[in-house]
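One rule links them: number in my numbering = place in the sequence shown (from 1) + 1.
A short write-up of the structure that comes next.
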Amino acid sequence: MSREWLFDTNVFSRYEQQFQHLRRGKLVLSSVVAQELLVGMDEKHRRKLRTLVSILKESGLVLTPSHDDWVEVGERLHRWFTGGFSANQKLSKEEVNLLVRDSLIAQCAITRNRLHRQNGTHFECVIVTDNISDFHKVTKGTHQKVIPGRDFFGE
Numbered sequence: 002m003s004r005e006w007l008f009d010t011n012v013f014s015r016y017e018q019q020f021q022h023l024r025r026g027k028l029v030l031s032s033v034v035a036q037e038l039l040v041g042m043d044e045k046h047r048r049k050l051r052t053l054v055s056i057l058k059e060s061g062l063v064l065t066p067s068h069d070d071w072v073e074v075g076e077r078l079h080r081w082f083t084g085g086f087s088a089n090q091k092l093s094k095e096e097v098n099l100l101v102r103d104s105l106i107a108q109c110a111i112t113r114n115r116l117h118r119q120n121g122t123h124f125e126c127v128i129v130t131d132n133i134s135d136f137h138k139v140t141k142g143t144h145q146k147v148i149p150g151r152d153f154f155g156e
């Protein structure tokens, strides 16, 4: 099975210099990650990111959460807020709100994998992040694969 790699914002920031060596699979980009990156970048890096986004968008590789994705994220985060996953792991409203963007990034991969299965394509979209604990929370109850950046880049 071929892989598509969905990098979290922290992976883009930390491993930017190593992207040119990306050979194992295909890069996809969440529009949520693009937004987070644009907030903190200087103009030179913003231009580079806009170019990358343009190239990926033309190839259908920019993933943007739909209304259904927002609803699915809301349902999953509701389970954390109400203790639906585990009574002793209930999260506060503030903790849940801090997980919204990561949840939307994860949902992009979850939806992408669902589409691959429906279309019979042999791809798997894998999230690469240095924020493993939060991404395990926001993907709980799904079969979404999440790996650390250091594993992907062989550190």
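Note that the Cβ used here is the ideal one computed from N, Cα and C, for glycine as well.
Is the Cβ-Cβ distance between residue i and residue j less than 8 Å?
i: L28; j: L64; result: no
i: V40; j: I106; result: no
i: L30; j: V12; result: no
i: S104; j: V72; result: no
i: S3; j: H123; result: yes
i: L100; j: D135; result: yes
Got a sec: does the ligand ADP put a non-hydrogen atom nearer than 7 Å to the Cβ of residue i?
i: V63; result: Ligands displayed in this structure: none; no statement on the ligand ADP is therefore possible.
Would you decide whether residue i is buried or exposed? Buried here means 16 or more other CB atoms lie within 10 Å of its CB.
i: E158; result: Look at the range of the chain in this structure, 2 to 156, and you will see that residue 158 is not part of it.
i: R102; result: buried
i: Q108; result: buried
i: Q145; result: buried
i: R24; result: Legend: pLDDT at R24 = 48, less than 50; position of this residue unreliable, no value from coordinates given.
i: L38; result: buried
i: I111; result: buried
i: R113; result: buried
i: R77; result: buried
i: E140; result: Sequence inspection shows Thr at residue 140; the Glu mentioned does not correspond to that position. Buried: at least 16 other Cβ atoms inside 10 Å.
Judging by CA-CA distance, which residue of the options is the nearest neighbour of residue i?
i: G142; options: Q119, E59, H79 and H68; result: H79
i: S60; options: R47, R48 and T52; result: T52
i: S67; options: S32, H117 and S14; result: S32
i: D43; options: N120, S14, G84 and K58; result: S14
Contact criterion: CB-CB distance below 8 Å. Does residue i meet it with respect to chain B?
i: K58; result: The chain inventory of the structure shown lacks chain B, comprising one protein chain alone.
(request) Examine the Cβ distances between the stretch 87-97 and the stretch 146-153 and report whether three or more of them are shorter than 8 Å. (result) no
(message) Count Cβ pairs between the stretch 7-16 and the stretch 123-141 that sit closer than 8 Å; are there 3 or more?
(response) yes
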